[in-house]
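K.L.:
Our numbering puts the last residue of the sequence shown at 683; the count rises by one with no breaks.
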Amino acid sequence: MTALAPAALGPIEKTPLERYVAPAKPSLVGLTRGSLGEALAAIGVPEERQRMRVQQLWHWIYLRGVQGFEKMTTLSKELRAELEAHFTLARPEVAVEQVSVDGTRKWLLRLPSETPGERPHEVECVYIPESGRGTLCVSSQVGCTLNCSFCHTGTQRLVRNLTAGEIVGQVLVARDRLGDWPRRPGMPDLPAPSGEGIGLPEAGRLITNIVVMGMGEPLYNFEAVRDALNIVADGDGIGISKRRITLSTAGVVPNIARAGEEIGVMLAVSLHAVRDELRNGLVPLNRKYPIAQLLDACRRYPGLSNARRITFEYVMLKGVNDSLAEARALVKLLKGIPAKINLIPFNPWPGTRHQCSDWEQIEKFSEIIFNSGYASPVRTPRGRDILAACGQLKSASEKLSARERLALRAMAMTD
Ligand code: SAH
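And the structure:
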């Protein structure tokens, strides 16, 4: 799936910040069915018609991807005008689009500040095409509070949580830019009946998987992430199966069981160390929720089975956590948990004190894990030339100097 659909649009140069105009009306994107019903009630749609209208809106927004109410031809002209007067279908604004030599795409998105008139916020979203699948990596917060020592995003303070609409909006923007909406000219303009799968997107979509591994800690923005992922998985709309959605957490223990119950997607845990002493330094959240508590929550993750394993992420840091003794300890630690172990070569950034482990060491580490019966794929860094790889996302508003940017790019290209 490296070739993009012909409808994919070309790169966007950076649009000047001053040109940003926050939407004046609320967007319907990201509302749950219940909230959509309330929005309709507020503009006078009678109660007995609300369910049907919600279903129609859902179809147009999430199955067809329309960006204007005038396209919703199953709604009366009056209702379309009424919707237009009060709401938008706005997604986050694309400020920059970059395409890597390996096909990875990164979008810098602008979001309105809560205080009108203040400069907009920025987050990044990355699309990674691979053979047979296409993964979209979405952000859950502007910045992050966790301060993991190896993560570039962590050097940016938290500005705010994203709304459900801004999280779903990342998926819509990516589909818009990739030309990834179903185009079926013969399709009747009636909404598909709920639950029968008639309206499902046909096979061959460019975005087949979602990972919540961009900026932020998703379990510190629980409700918005929950609502957004349930919308993305909804079979009457975008319809990406929960088995193809992975939420990655640094280990917010109290919300792990809730994630299983209320979201039910695949779980990834950023473990990175096998001893509390070391993990405290790498992932400071460990001081609050140490390894034993974290793994206990993992063991009890609802729906966990050999067919639905937890992915443990382990960033390979030279001389810090990459000894073969640690590989053996890792296997021991995860005993009894249906798990996959994902080794991530460290992606460098300017000013970091870490280095990526030597390739030979990563291979030896991986071999120990593999020989203990675990799949241990090493995550190939993608999009390093456009700073789209793990831990490299950062709002451009947190200005890097031109020199820093160049240094970062050079590191990414030569490492
Ligand atoms: N806060 C969540 C999700 C975002 S991070 C979490 O911690 O899981 C997504 C993954 O990228 C995490 O496993 C994170 O530890 C890893 N990562 C962060 N910085 C990295 C870097 N510089 N190189 C490689 N992986 C990194």
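Yeah, the Cβ is synthetic: ideal placement off N, Cα and C, and Gly gets one too.
The structure presented is a predicted model; accordingly, all values stated were derived computationally and were not measured.
(1) Within a Cβ cutoff of 8 Å, which residues of the same chain sit near residue 573, ignoring the five residues on either side of it in sequence?
(2) Quick check: the Cα distance between residue 410 and residue 384, rounded to an integer number of angstroms?
(3) Shortest alpha-carbon distance to residue 426 belongs to which of 408, 625, 559, 432?
(4) For residue 291, which residues of its own chain have a beta-carbon under 6 Å away from its beta-carbon, when the five flanking residues on both sides are left out?
(5) Starting from the C-beta of residue 462, find all residues in its chain whose C-beta is less than 7 Å away, skip the five residues before and the five after it, and write them out in chain order.
(6) Report the option in 530, 529, 511, 535 whose CA atom is closest to the CA atom of residue 518.
(7) What does a CB cutoff of less than 8 Å around residue 513 pick up in its chain, not counting 5 residues either side in sequence?
(8) Taking Cβ positions, are residue 656 and residue 282 nearer each other than 7 Å?
(9) So what does residue 366 bridge to, in DSSP terms?
(10) Distance check for residue 382 and residue 336, CA to CA, integer angstroms please.
(11) On the criterion of 16 or more Cβ atoms from any shown chain inside 10 Å, does residue 298 qualify as buried, or is it exposed?
(12) What would DSSP say about residue 637, mapped onto helix, strand or coil?
(13) What three-state label does DSSP hand residue 615 in the structure shown?
(14) If you draw a straight line from the C-alpha of residue 609 to the C-alpha of residue 576, how long is it?
(15) Anyone know if the C-beta pair for residue 475 and residue 404 falls short of 7 Å?
(16) By Cβ distance below 7 Å, which residues in the same chain neighbour residue 440 in space, the five residues on each side in sequence not counted?
(17) In angstroms with no decimal places, state the Cα-to-Cα distance between residue 331 and residue 345.
(18) Among the candidates 362, 420, 413, whose CA atom is the shortest distance from the CA of residue 620?
(19) Assuming contact is defined by CB atoms lying nearer than 7 Å, are residue 595 and residue 636 in contact in what I supplied?
(20) Does the beta carbon of residue 597 fall short of 6 Å from some heavy atom of the ligand SAH?
(21) Can the beta-carbon of residue 482 be found closer than 7 Å to that of residue 364?
(22) I think residue 414 touches residue 551, with their Cβ atoms under 8 Å apart; what is that distance to the nearest whole Å?
(23) What alpha helix (DSSP H) runs, 4 residues minimum, are completely inside the segment 550–596?
(24) Apart from the five residues on each side of it in sequence, which residues of its chain come closer than 8 Å, Cβ to Cβ, to residue 284?
(25) Rounded to the nearest angstrom, what separates residue 487 and residue 549 at their Cα positions?
(26) Between which two residues does the alpha helix (DSSP H) carrying residue 347 extend?
(27) Identify whether residue 282 lies in helix, strand or coil by the three-state DSSP scheme.
(28) Quick one: is residue 341 buried, meaning 16 or more other Cβ sit within 10 Å of its Cβ, or exposed?
(29) I need the straight-line Cα distance from residue 527 to residue 562, nearest angstrom please.
P.N.:
Reading off the structure:
(1) 606
(2) 17 Å
(3) 408
(4) 356, 358
(5) Only weak support is given to the placement of residue 462: the predicted model assigns it a pLDDT of 36, under 50, and the value that follows is read from those uncertain coordinates. The answer, listed in chain order, is 323, 504.
(6) 535
(7) 477, 478, 479, 480, 497, 500, 501, 533, 534
(8) no
(9) 374
(10) 24 Å
(11) buried
(12) helix
(13) coil
(14) 13 Å
(15) yes
(16) 297, 333, 359
(17) 21 Å
(18) 420
(19) yes
(20) no
(21) no
(22) 7 Å
(23) 559–567
(24) none
(25) 20 Å
(26) 345–354
(27) coil
(28) exposed
(29) 14 Å
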